[in-house]
């Protein structure tokens, strides 16, 4: 589920296929895609992590991938002097009876 969501929403370089889902390939692809944006700041919002959070091992792997990408893109030595600050926000969607906060 996580791999599919990443393929649909994040820039990837090189593109990911659907045959094998390997964490290292995903990490490299996300890193390359975000680096190619040539933006000093990127925000990734994961608005409903509940489906993946229920599978603790997969959730940890997903968070480790995002953390590693953010840490390495922040380093000038890994980005040819063009670091990118990546912020990742992970939140569950509201459950029944709850409402999402609204901006005033």
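In our numbering, the protein residues as written are 1356 to 1459. C-beta atoms are modelled at their ideal positions from N, C-alpha and C, and glycine is treated no differently. If you're wondering where the values come from, they're calculated on a predicted model, not measured in any experiment.
Reduced DSSP category for residue i - H, G, I as helix; E, B as strand; rest coil
i: residue 1361; result: helix
i: residue 1394; result: coil
i: residue 1435; result: coil
Cβ-Cβ distance between residue i and residue j below 8 Å
i: residue 1356; j: residue 1407; result: yes
i: residue 1381; j: residue 1358; result: yes
i: residue 1367; j: residue 1439; result: no
i: residue 1404; j: residue 1445; result: yes
i: residue 1427; j: residue 1386; result: yes
i: residue 1421; j: residue 1443; result: yes
i: residue 1372; j: residue 1416; result: no
Same chain, Cβ closer than 8 Å to residue i, five either side skipped, listed in chain order
i: residue 1411; result: none
i: residue 1393; result: 1437
i: residue 1429; result: 1438, 1439, 1440, 1441
i: residue 1431; result: 1437, 1438
Spatial neighbours of residue i in its chain, beta-carbon cut-off 7 Å, leaving aside the 5 residues before and after
i: residue 1369; result: 1384, 1387
i: residue 1425; result: 1441, 1443
Residue i beta carbon near the ligand FMN (any heavy atom closer than 7 Å)
i: residue 1418; result: In the structure on display, the ligand FMN does not appear, and there are no ligands present to speak of.
Can you check the segment 1378-1430 for any beta strand (DSSP E) of at least 3 residues that lies completely inside it and give the ranges in chain order? Taking only runs of at least 3 residues, the beta strand (DSSP E) segments lying wholly in the segment 1378-1430 are 1396-1401.
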